[in-house]
Amino acid sequence: MRQEVLRKGEGGVWPWFLQRITAVLLLYGLTVHLVVLHVLNIGRLTFDNIGDRLGSGFFIFTDFLLLFAVVFHGLNGVRMVLLDYGFQGSKRTALDAALVVIGVAAIAYGIWAFWPWLTD
Amino acid sequence: MIAEKTRRHENVGAGNWKGWGMWAWILHRVSGLALVLYLFMHISVIAASSRGGADENIFETFEKSIFVVLDLLLTAAVVFHGLNGLRILLFDLGIGTYRHKSLFYGVMAATAVVLAVFAYASFYYISNGEGPW
Chain Z
1 MRQEVLRKGE
11 GGVWPWFLQR
21 ITAVLLLYGL
31 TVHLVVLHVL
41 NIGRLTFDNI
51 GDRLGSGFFI
61 FTDFLLLFAV
71 VFHGLNGVRM
81 VLLDYGFQGS
91 KRTALDAALV
101 VIGVAAIAYG
111 IWAFWPWLTD
Chain P
1 MIAEKTRRHE
11 NVGAGNWKGW
21 GMWAWILHRV
31 SGLALVLYLF
41 MHISVIAASS
51 RGGADENIFE
61 TFEKSIFVVL
71 DLLLTAAVVF
81 HGLNGLRILL
91 FDLGIGTYRH
101 KSLFYGVMAA
111 TAVVLAVFAY
121 ASFYYISNGE
131 GPW
């Protein structure tokens, strides 16, 4: 047994917990994504068959889940790394704000990119 | 400013800056950062293919052999990061901390097996112009 100092500056319990939740969602979503698109349909991606797949609720659900989970998981991961390299105090507040802006923008951009298939 | 408290814990390998635990940590971090960079490229390529008019060339571009091989590298990063992440989740649940090394070997072996399937499909596609199934 040894002593460990826990600091609030370590990142917080919610980012830690949500990183785990999104990890599980990504294990599901990326398995579907890789197997369906890149193993079963290798070399057969076209604008039209992407639209066909996105006509099904299952793929709409999985793809949107992927978008939300992966943007959060990725940016929260970047935050974990940067907190290890001196982003504390006011720098950390600025970092958090910047990551929220980038995350919201990335999700909006992703939905905008999906939209032509959903309304086709 | 920062609230601190101490806890006693069984520290199995953590902070031990050597050995497999270190490599697992480094590989997880490097693959994670690479995947974040890829994520933003991925979203912008999807936007380009859905919003760039009826230009189908973007799909043909990514079917070139060079991109298929690069995709294998990407697959290696995704599969390793996912399986090693599963290993971390198990540790969080208190499972397998004393077997972290064997679990790391397991992660590497499983990554190799999954990658072999992708590599088979990829090289089959490169030489035949269509998938094996």
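Going line by line, the protein sequences match chains Z and P. Under this note's numbering, residues 1 to 120 are what the first sequence spells out, in order. Under this note's numbering, residues 1 to 133 are what the second sequence spells out, in order. We treat Cβ as the ideally placed atom computed from N, Cα and C, and that holds for glycine. It should be emphasised that the depicted structure is a prediction, and the values quoted were computed from it without experimental measurement.
Taking 9 Å as the cut-off between beta carbons, the residues of the region 25–38 of chain Z near chain P are 26, 27, 30, 31, 34 and 38, in sequence order. Within 8 Å of the CB of residue 26 of chain P, no CB atom of chain Z is found; the nearest one sits about 12 Å away. Contact between the region 59–73 of chain Z and the region 9–23 of chain Z is established, with three or more Cβ pairs separated by less than 8 Å.
From the beta-carbon of residue 125 of chain P, the residues of chain Z found nearer than 8 Å are 42 and 43.
Close partners of residue 116 of chain Z in chain P (Cβ separation under 8 Å): 50 and 51.
Within the same chain, and ignoring the five residues on either side of residue 18 of chain Z in sequence, the residues whose Cβ sits closer than 8 Å to its Cβ are 72 and 76. Interface residue (Cβ-Cβ distance to chain Z less than 8 Å): residue 133 of chain P is classified as such. Look at residue 106 of chain Z: its C-beta is under 8 Å from a C-beta on chain P. CA-CA distance, residue 104 of chain Z to residue 92 of chain P, rounds to 29 Å. Rounded to the nearest whole angstrom, the C-alpha separation of residue 116 of chain P and residue 72 of chain P is 10 Å. A Cβ of chain P is located within less than 8 Å of the beta carbon of residue 112 of chain Z. In the three-state DSSP reduction, residue 62 of chain P falls in the coil class, being neither helix nor strand.
Just measuring C-alpha positions, the residue of Z:15, Z:65 and Z:29 sitting nearest residue 110 of chain Z is Z:65. Taken atom to atom, the span from the alpha-carbon of residue 42 of chain P to that of residue 54 of chain Z is near 17 Å.
The residue among P:127, P:84, P:90 and P:102 with its C-alpha nearest the C-alpha of residue 25 of chain P is P:84. For the options Z:108, Z:11 and Z:80, the alpha carbon positioned closest to that of residue 28 of chain P is the one of Z:80. When the five nearest sequence neighbours on each side are left out, the beta carbons in the same chain lying within less than 7 Å of the beta carbon of residue 79 of chain P are those of 111, 114 and 115, in order along the chain. The shortest CA-to-CA distance from residue 66 of chain P to any of P:131, P:132, P:125 and P:133 is the one to P:125. A direct Cα-to-Cα measurement between residue 59 of chain P and residue 49 of chain Z gives close to 12 Å. Using a Cβ-Cβ cut-off of 8 Å, residue 113 of chain P does not count as an interface residue toward chain Z, since no Cβ of chain Z sits closer than that to its own. In this chain, residue 99 of chain P is not harboured by any alpha helix (DSSP H), its DSSP state being neither H nor E. Residues of chain Z whose Cβ lies closer than 8 Å to the Cβ of residue 33 of chain P are, in chain order, 77, 78 and 81.
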